[in-house]
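K.L.:
Taken in order, these protein sequences are the chains called E and H.
Taken in order, the first sequence gives residues 1 to 308; the numbers are from our numbering.
Taken in order, the second sequence gives residues 309 to 616; the numbers are from our numbering.
Virtual Cβ for every residue (Gly too), placed ideally from N, Cα, C.
Pasting in a structure now, in C-alpha cells, and then I'll have a few things to ask.
2 protein chains.
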Amino acid sequence: MDFSFTSLGCASALPTVNRYPSAHVLQVHGRLFLIDCGEGCQMQMRKYGFSFLKLSDIFISHIHGDHIFGMFGLLSTMSLLGRLADINIYAPAGFKSILLSFLDHFGDSFKFNINHIVLDNSSKHLILDAKKYQIFSFPLYHRVECYGFLCKEKDPILNIKKYLIDQYNLSLKEIAQLKRGENVVRESEEILESSEFTYKPYIPRSFAYCSDTSPSDKIIDAIKGVDLLYHEATFADDMLEMAKSTFHSTARQAAEVALKANVKKIILGHFSSRYKDLSILLNQSREVFKNSFLAEQGHTFSVDIVKE
Amino acid sequence: MDFSFTSLGCASALPTVNRYPSAHVLQVHGRLFLIDCGEGCQMQMRKYGFSFLKLSDIFISHIHGDHIFGMFGLLSTMSLLGRLADINIYAPAGFKSILLSFLDHFGDSFKFNINHIVLDNSSKHLILDAKKYQIFSFPLYHRVECYGFLCKEKDPILNIKKYLIDQYNLSLKEIAQLKRGENVVRESEEILESSEFTYKPYIPRSFAYCSDTSPSDKIIDAIKGVDLLYHEATFADDMLEMAKSTFHSTARQAAEVALKANVKKIILGHFSSRYKDLSILLNQSREVFKNSFLAEQGHTFSVDIVKE
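Printed below as a string of C-alpha cells:
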C-alpha cells in the first residue's frame, strides 16, 4: 500500500545543471502517476527507476513549457516501446490544441489512445475515483489557468476485532453487517454496536500538490490537514515583490500555507535558478513551519501507514 | 581559430540513463552551432558549459522527435534570458508548421526572430557563407527527408614569406598583389611569382555530419576527404537487417563510408539503447577503419591546425 512522492525536477522555468524542470511521481497503491512533465522527464524516470508501463495517468497543472515540454518525448518513447494501453492526461482546456498538433506531426505510429480530461477551474473537483483513493483538482492562482491536485485515501473497510468473534459467536452475516458500520440487533434484542466490534485498519493518507501559485486562503481550504504537501517556493524573502508580480510564492509563504492548513509535512520545490544554495529557502520556511523539506530529485517522501 | 565537435547526446530514438537524444555542438572560429536538438539539449549545454548567447544557428537533420524535442525548451529559455538576437534554424520544410504551432502556444513573450531556412533536398547546397568557412547541406537516406551537413574552411589568405620582403625590397602594393595570388611584373621585367613569395598559413579543415541515414555512395561524394566525420552507427552487425529496414547504418557500414570517402577520423554516434557496452560497435568499425571513435557526451573532438 505505497503512498509516496518523488520529485524528478525541482527547477522553475530555467533549469540548471542539476535541477530539471517540474516533473513528479506520485505512487499510490501500486499505481504510478505523473504530476507535470517538464523537459527531461523520461530520462529522469529512467534514472530513478520508474516504469513507463505502470504509468497510466498524467496530471498537468498548467500550460507553461517548464511543466509540459517533456510530454512529447515521453509519449513518443511509450509508442516506440509498443504501448497499447490508454493514457489519461488531466490538463487545462488549452492543452487540446497542443496535443492535436503533436499527434498530427509525430503520432502516426501511435497505437494507444491519449484521453485528454479537461480540468474545470470553477472549484474543487473529483477527477479520478479509484477503489481505495480519490484524486481531486482545485484552482491555483497563477498567471494562467492553473490547478493543484489532492490525493486522498478513502476510509478503509472496517476490520472486525477477531477476539470478539468467538466470544459473541458472530455469524458471517453479522460480521459483514458490523464491517459495513451497521449495528446488529439479535433476536434476544441484544445490540452489537459496530463501533465496539470493529476498528479502522489505518487512517486514510493524503497528499497535495500546489505549483505554480501565489499563496491563497482558498488553497488552504482545499488541502486542509494533508499528510504531505508539495508547494512551490520559487523565491526567498528577498524576492517577495517578484513573487507577487509573477504569481509565485516565497518559501516563507509556502510555509505559512502549510501552517494554516495544518498539514503534517511540506516539501518545497520549483526553485529559482538564482539560488545556488537552497538552504536560505529551507531556513526561511522552517522559521514558520518546522517540518519543512527541500525537494531533492530522486528522493522519495513516503507517507507511512498509521493505525488508529 | 577553434574547429571542434562535441556530442551532447549520442542516443538514438530511445534515450537511456546515460545517453541523451541527438544534439551536438560545432564550434568554428568563435561561433557556436547546434546540430540537431533532442530533448534535454539545453540541460546538456549548461552541463558542458556552452553559452546560449553564442548560439546563432541551429541545423536540424530531419523531423523526428529525438532530433528536435529539445528545441522548445531551448528557445523558451533563450526568451527568458532576454534574447533579442535573431536565431536561424536550417530545417526541412515540414519544420515550419511545428515552429508556428510552438510560437502560437508559447511564443507570446519572445522578443527575437526565428528564421526558418528551408533545406533543399535536390542536391548539395551552400546554406551558410561566412568569411572564413562555409556550411553545406546534402541529402541523406532515411525514412523521411533528411540532411547531412558539411562545414569547410575556405582557403586562407596567403601569407608573405617575410624574409623575402627585405631581400626583394617589396612594396606594400606588391605584397598585396602577391597575397592575392597574382604575379608581380616589375619595370625591369623581373617576374615575382606569387607561389614563390607566399605560403598558405594552414590547410583548410572540414567536418561532416551524417545522421540518420543508410550508407550511400552519394554521401561519400559529398563528404570526400573531411578531417572529421560524425556518422550514425545505430546498430552492430547482428542487426544489419534492422538497419536496412529502418534506414540506419551499422558501425561497420559507417566505417566503410569513412574508408571510401577517405576521411581522417570518424566519430560514431546515435547508438541503439540495446547496446549497453558500446565496444562492440567500436571494434566492428575499427576492423574496417582504424581511426574510429565513439561519441562520448561532453567530449570535444578538435581538428588541429596543420600548416602547409
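Which chain H residues are close to A13(E), counting only those with a beta carbon under 7 Å from its beta carbon?
P.N.:
If you number the first sequence from 1, residue 13(E) lands on position 13. Correct list: L388.
K.L.:
In the DSSP assignment, find the unbroken alpha helix (DSSP H) run with H62(E) in it and report its ends.
P.N.:
The count along the first sequence starts at 1 and reaches residue 62(E) at position 62. That residue, H62(E), is in no alpha helix (DSSP H); it is neither H nor E in DSSP.
K.L.:
Rounded to whole angstroms, how far is the Cβ of Y230(E) from the Cβ of H24(E), which I believe are closer than 8 Å?
P.N.:
Within the first sequence, the letter at position 230 stands for residue 230(E). Within the first sequence, the letter at position 24 stands for residue 24(E). Right, their Cβ atoms sit about 7 Å apart.
K.L.:
Quick check: what's the CA-CA separation for A393(H) versus H105(E)?
P.N.:
Here the question's residue 393(H) lines up with position 85 in the second sequence. Here the question's residue 105(E) lines up with position 105 in the first sequence. Taking the straight line from one Cα to the other gives about 28 Å.
K.L.:
Taking Cβ-Cβ distances below 7 Å as the criterion, which residues of the segment 340-360 of chain H are in contact with chain E?
P.N.:
Correct list: E347, G348, Q350, M351, R354, K355.
K.L.:
How is A23(E) classed by DSSP in three states: helix, strand or coil?
P.N.:
Reading the first sequence from its first residue, position 23 is the one you call residue 23(E). Here A23(E) sits in strand by DSSP.
K.L.:
Using a cut-off of 7 Å between C-beta atoms, extract the partners of F247(E) located in chain H.
P.N.:
Position 247 of the first sequence holds residue 247(E). Per Cβ cutoff of 7 Å: no residues; F247(E) is ~15 Å from chain H at best.
K.L.:
Beta strand (DSSP E) containing Q42(E): first to last residue?
P.N.:
What you label residue 42(E) is simply residue 42 of the first sequence in a count that begins at 1. Premise fails: Q42(E) lies in the alpha helix (DSSP H), 41-47, not in any beta strand (DSSP E).
K.L.:
Using 7 Å as the threshold, is the C-beta distance between R205(E) and F3(E) below it?
P.N.:
Walking along the first sequence from the start, residue 205(E) turns up at place 205. Walking along the first sequence from the start, residue 3(E) turns up at place 3. F3(E) is positioned such that its CB atom lies closer than 7 Å to that of R205(E).
K.L.:
Rounded to whole angstroms, what is the Cα-Cα separation between N599(H) and N591(H)?
P.N.:
Numbered from 1 along the second sequence, position 291 holds the residue referred to as residue 599(H). Numbered from 1 along the second sequence, position 283 holds the residue referred to as residue 591(H). Their backbone Cα atoms lie some 11 Å apart in a straight line.
K.L.:
Would you give the residue range spanned by the alpha helix (DSSP H) that F102(E) belongs to?
P.N.:
Position 102 of the first sequence, counted from the start, is the residue given in the question as residue 102(E). Counting along the chain, the alpha helix (DSSP H) containing F102(E) begins and ends at 95-106.
K.L.:
May I ask you to report which of helix, strand or coil DSSP gives Q253(E)?
P.N.:
As a position in the first sequence, residue 253(E) is number 253, starting the count at 1. Helix, per DSSP.
K.L.:
For D57(E) and Y90(E), I'd like the C-alpha separation in whole angstroms.
P.N.:
Locating residue 57(E) in the first sequence gives position 57, where the first residue counts as 1. Locating residue 90(E) in the first sequence gives position 90, where the first residue counts as 1. Distance between the alpha carbons of D57(E) and Y90(E): 8 Å.
K.L.:
Determine the contact status of Y20(E) and G9(E), defining contact as a CB-CB distance below 7 Å.
P.N.:
Position 20 of the first sequence, counted from the start, is the residue given in the question as residue 20(E). Position 9 of the first sequence, counted from the start, is the residue given in the question as residue 9(E). Yes, these two residues count as a Cβ contact at 7 Å.
K.L.:
Excluding the 5 residues preceding and the 5 following D120(E) in the sequence, name in chain order all residues of the same chain whose CB lies nearer than 7 Å to its CB.
P.N.:
By one-based count along the first sequence, residue 120(E) stands at place 120. Correct list: empty, nothing qualifies.
K.L.:
Are there 16 or more other CB atoms within 10 angstroms of the CB of Y583(H), so buried, or fewer, so exposed?
P.N.:
Translated into positions along the second sequence, residue 583(H) becomes position 275. Classification of Y583(H): buried, given that the 10 Å Cβ count is 16 or more.
K.L.:
Taking the DSSP output, what are the residues bridged to G319(H)?
P.N.:
Taking the second sequence and counting its residues from 1, the one referred to as residue 319(H) is at position 11. Checking the sequence shown, residue 319(H) turns out to be Ala, not Gly. The partner list for A319(H) (beta bridge, DSSP) reads F579(H).
K.L.:
How many angstroms separate the CA atom of C37(E) from the CA atom of M71(E)?
P.N.:
By 1-based counting over the first sequence, the position of residue 37(E) is 37. By 1-based counting over the first sequence, the position of residue 71(E) is 71. Taking the straight line joining both Cα atoms gives about 6 Å.
K.L.:
The alpha helix (DSSP H) with Y168(E) in it runs from where to where?
P.N.:
In the first sequence, the residue the question calls residue 168(E) occupies position 168. Note, Y168(E): alpha helix (DSSP H), 163-168.
K.L.:
Measure from the C-beta of F420(H) to each C-beta in chain E and report whether the shortest distance is under 7 Å.
P.N.:
Position 112 of the second sequence, counting from 1, holds the residue named residue 420(H). Chain E, which has no Cβ nearer than 7 Å to the Cβ of F420(H), makes this no.
K.L.:
Check this for me: beta carbons of L567(H) and L602(H), under 7 Å apart or not?
P.N.:
Counted from its first residue, the second sequence places residue 567(H) at position 259. Counted from its first residue, the second sequence places residue 602(H) at position 294. It is not a contact, given that the beta carbons lie outside the stated cut-off.
K.L.:
Roughly how far, in whole angstroms, is the beta-carbon of H370(H) from the beta-carbon of Y441(H), given that I think they are within contact range, below 8 Å?
P.N.:
Start at 1 with the first residue of the second sequence, and residue 370(H) comes out as number 62. Start at 1 with the first residue of the second sequence, and residue 441(H) comes out as number 133. Between Y441(H) and H370(H) the Cβ distance is about 24 Å, and since that is not below 8 Å, they are no contact.
K.L.:
Which of the three DSSP states is assigned to T77(E) in this structure?
P.N.:
The residue labelled residue 77(E) in the question sits at position 77 within the first sequence. Helix, per DSSP.
K.L.:
Could you check the C-alpha separation between T385(H) and L342(H) for me, to the nearest Å?
P.N.:
Here residue 385(H) refers to the residue found at position 77 of the second sequence. Here residue 342(H) refers to the residue found at position 34 of the second sequence. Whole-angstrom Cα-Cα distance: 15 Å.
K.L.:
Along chain E, which residues have their Cβ under 7 Å away from the Cβ of I406(H)?
P.N.:
Reading the second sequence from its first residue, position 98 is the one you call residue 406(H). H105, listed in chain order.
K.L.:
Pull up the distance between the alpha-carbon of E540(H) and that of A222(E), whole angstroms please.
P.N.:
As a first step, residue 540(H) must be located in the second sequence, where it is residue number 232. As a first step, residue 222(E) must be located in the first sequence, where it is residue number 222. Going from the Cα of E540(H) to the Cα of A222(E) covers about 52 Å.
K.L.:
In whole angstroms, give me the CA-to-CA distance for L334(H) and H248(E).
P.N.:
Walking along the second sequence from the start, residue 334(H) turns up at place 26. Walking along the first sequence from the start, residue 248(E) turns up at place 248. Distance between the alpha carbons of L334(H) and H248(E) is about 38 Å.
K.L.:
Could you run through the segment 373-384 of chain H and flag, in chain order, every residue whose CB is less than 8 Å away from some CB of chain E?
P.N.:
G373, D374, F377, G378, F380, G381, S384
K.L.:
Please identify the residue among I60(E), G73(E), I191(E), H125(E) whose C-alpha is closest to the C-alpha of K96(E).
P.N.:
Here residue 96(E) corresponds to residue number 96 of the first sequence, with the count starting at 1. Looking at the Cα atoms, I60(E) is the closest of the given residues.
K.L.:
List, in chain order, every chain E residue whose beta-carbon is nearer than 9 Å to that of Y455(H).
P.N.:
Locating residue 455(H) in the second sequence gives position 147, counting from the first residue. Within chain E, no residue comes near Y455(H); the closest Cβ sits about 18 Å away, beyond 9 Å.
K.L.:
Applying the criterion that 16 or more other CB atoms from any shown protein chain within 10 Å of the CB defines a buried residue, is V185(E) buried or exposed?
P.N.:
On the first sequence, residue 185(E) is found 185 positions in, with the first residue counted as 1. By the 10 Å Cβ count, V185(E) comes out exposed.
K.L.:
Tell me whether the beta-carbon of Y471(H) lies closer than 7 Å to the beta-carbon of K615(H).
P.N.:
As a position in the second sequence, residue 471(H) is number 163, starting the count at 1. As a position in the second sequence, residue 615(H) is number 307, starting the count at 1. No, they are not a contact pair.
K.L.:
Pair every Cβ in the segment 540-550 of chain H with every Cβ in the segment 480-490 of chain H, then say whether three or more of these pairs are closer than 8 Å.
P.N.:
Using a C-beta cut-off of 8 Å, the segment 540-550 of chain H makes no contact with the segment 480-490 of chain H, since fewer than three inter-stretch Cβ pairs fall below that distance.
K.L.:
Can you tell me whether DSSP reads S333(E) as helix, strand or coil?
P.N.:
What is shown of chain E runs 1 to 308, which leaves residue 333(E) out entirely.
K.L.:
Mind pulling the chain C residues with CB within less than 9 Å of Y20(E)?
P.N.:
Of the protein chains in this structure, namely E and H, none is chain C.
K.L.:
Is S587(H) helix, strand or coil by DSSP?
P.N.:
Here the question's residue 587(H) lines up with position 279 in the second sequence. Correct three-state label for S587(H): helix.
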